[in-house]
Amino acid sequence: MTTGIDFVSRYEQRVAQVRDLLKHDTKLTDAACRALAVRLLHLLDEAPEQLRR
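Residue numbers for the sequence shown follow UniProt numbering, so the first one is 1 and each next one is one higher.
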């Protein structure tokens, strides 16, 4: 009895968390929430560390 374990990267986990937050707090579609989550994470990742604190 083996079960398949799907690998999910930390980036995809972060995207899913932001997407779920946006879905909960807005009336955007799932696709729009995911697209916005990707853009938001890109901005956060590209921001200098001094701005992120």
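Yeah, the Cβ is synthetic: ideal placement off N, Cα and C, and Gly gets one too.
Using only CA atoms, which one of the options lies nearest to residue i?
| i | options | result |
| --- | --- | --- |
| R10 | P48, K23, L41 and D30 | L41 |
| Q13 | G4, V38, E46 and H24 | V38 |
| L43 | H24, K23, A31 and V15 | V15 |
| T34 | Q17, Q50 and R53 | Looking at the sequence provided, one finds Arg at residue 34 rather than Thr. Of Q17, Q50 and R53, the residue nearest in Cα terms is Q17. |
Assuming residue i and residue j are in contact, meaning their beta carbons sit under 8 Å apart, how far apart are those beta carbons, in whole angstroms?
| i | j | result |
| --- | --- | --- |
| L36 | L28 | 7 Å |
Kindly indicate which three-state DSSP category residue i falls into: helix, strand or coil?
| i | result |
| --- | --- |
| D6 | coil |
| residue 60 | Since the first residue shown for the chain is 1 and the last is 53, residue 60 is missing from the structure and cannot be characterised. |
| R53 | coil |
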